[in-house]
Amino acid sequence: MSKLADYSTCEISDALIKLGTPHGGYVLDINLISTLPSDTAVCGPAYTVQMVLASDQSAPKLSAHFVDTAPASSVIVINAPPKLKNAVWGGLMTAGAQARSAVGVIISGRCRDIGEHASLNFPVFSRGHSTLGQSPFTRPSAIDVPVVIQAEDDFPSVTVHPDDWMIGDKDGVVCVPRDLEWKVVELAAKGREVDAKCMTDIQAGKGVQASFKAHRGKL
């Protein structure tokens, strides 16, 4: 388990911004869907899945179901074609992922069977949910490849490489490249210390501006 698991997605994004990552690792508009406790969080290496339209006959086809090849302790990251209304993940897939000891799924797309994920206590993060299943709309085409997760506006896209660190909590989802892991941990720890000092001063009535100036070094 990475030390990144000790920090919130907000703390990690702040660290990535300091390191010059323009999007702060934030994977836009993907949130916790399964009705789990508010402190639910996941952290693990990405196992990526690229979905395509079912009508796309030129894209490769998988020889096995992608859930059946998910590594233990991984976070399954599914990238579906944008703006589709069907789900690409359901309760049976959650059961299969748990049997493989995956720790969660992050979906650029929709899921369904929300109650089943909750009853199985499995974290599911997605853009939304649907009553429609995967077939006949989409299909998996590739695993363990870089996936480019795009927002539906001008916010920068995030490229998730296999084994990048994926962290999700009630604030959202972030991706940390492997080569930045320890730099992010170091900066997140410093950021937490600074914010704790600010909180103490603000609660003591010293004011937000004065507290920021004293500890963050800016107004």
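Going by UniProt numbering, the first residue of the sequence shown is number 1, and it counts up by one from there.
Note that beta-carbon positions come from the ideal geometry of N, C-alpha and C, so glycine has one too.
Note that the structure is predicted; figures quoted are calculated from it, not measured.
Legend entry - Sub-7 Å separation of residue 77 and residue 33 beta-carbons: Walking along the sequence shown from the start, residue 77 turns up at place 77. Walking along the sequence shown from the start, residue 33 turns up at place 33. No, the pair does not count as a contact, with Cβ atoms beyond the cut-off.
Legend entry - Inside the region 25 to 104 only - alpha helix (DSSP H) runs reaching at least 4 residues: 91 to 99
Inset, instruction - Taking 7 Å as the cut-off, decide whether the C-beta atoms of residue 202 and residue 208 are in contact. - result: In the sequence shown, residue 202 corresponds to position 202, counting from 1. In the sequence shown, residue 208 corresponds to position 208, counting from 1. Yes.
Inset, instruction - Find out if the Cβ-Cβ distance for the pair residue 118, residue 35 is shorter than 7 Å. - result: Walking along the sequence shown from the start, residue 118 turns up at place 118. Walking along the sequence shown from the start, residue 35 turns up at place 35. Taking 7 Å as the Cβ cut-off, residue 118 and residue 35 qualify as a contacting pair.
Inset, instruction - Would you be able to state if there are at least three C-beta pairs under 8 Å between the region 52 to 69 and the region 136 to 151? - result: With contact defined as three or more Cβ pairs closer than 8 Å, the region 136 to 151 and the region 52 to 69 are in contact.
Inset, instruction - Could you tell me how far apart the beta carbons of residue 112 and residue 128 are, in whole angstroms, since I believe they sit closer than 8 Å? - result: Taking the sequence shown and counting its residues from 1, one reaches residue 112 at position 112. Taking the sequence shown and counting its residues from 1, one reaches residue 128 at position 128. Actually they do not touch by this definition, with Cβ atoms about 10 Å apart.
Legend entry - Backbone secondary structure at residue 204 - three-state DSSP: On the sequence shown, position 204 is the one that residue 204 refers to. Residue 204 falls in the coil class under three-state DSSP.
Legend entry - For residue 110, three-class secondary structure by DSSP: In the sequence shown, residue 110 corresponds to position 110, counting from 1. If DSSP states are grouped into helix, strand and coil, residue 110 belongs with the strands.
Inset, instruction - Please confirm whether residue 125 and residue 30 have their CB atoms less than 7 Å apart. - result: Locating residue 125 in the sequence shown gives position 125, counting from the first residue. Locating residue 30 in the sequence shown gives position 30, counting from the first residue. Contact flag set, yes.
Inset, instruction - Please name the residue, chosen from 84, 165, 18, that lies closest to residue 135 on a Cα-to-Cα basis. - result: Here the question's residue 135 lines up with position 135 in the sequence shown. Looking at the Cα atoms, 84 is the closest of the given residues.
Inset, instruction - Quick one: grab the DSSP three-state call for residue 2. - result: Position 2 of the sequence shown, counting from 1, holds the residue named residue 2. Here residue 2 sits in coil by DSSP.
Inset, instruction - Determine, using beta carbons only, whether residue 199 comes closer than 7 Å to chain C. - result: Considering every chain present, this structure includes no chain C. It has just one protein chain.
Legend entry - residue 168: CB within 6 Å of a non-hydrogen atom of the ligand ZN: With respect to the ligand ZN, the structure offers nothing, as it holds no ligand at all.
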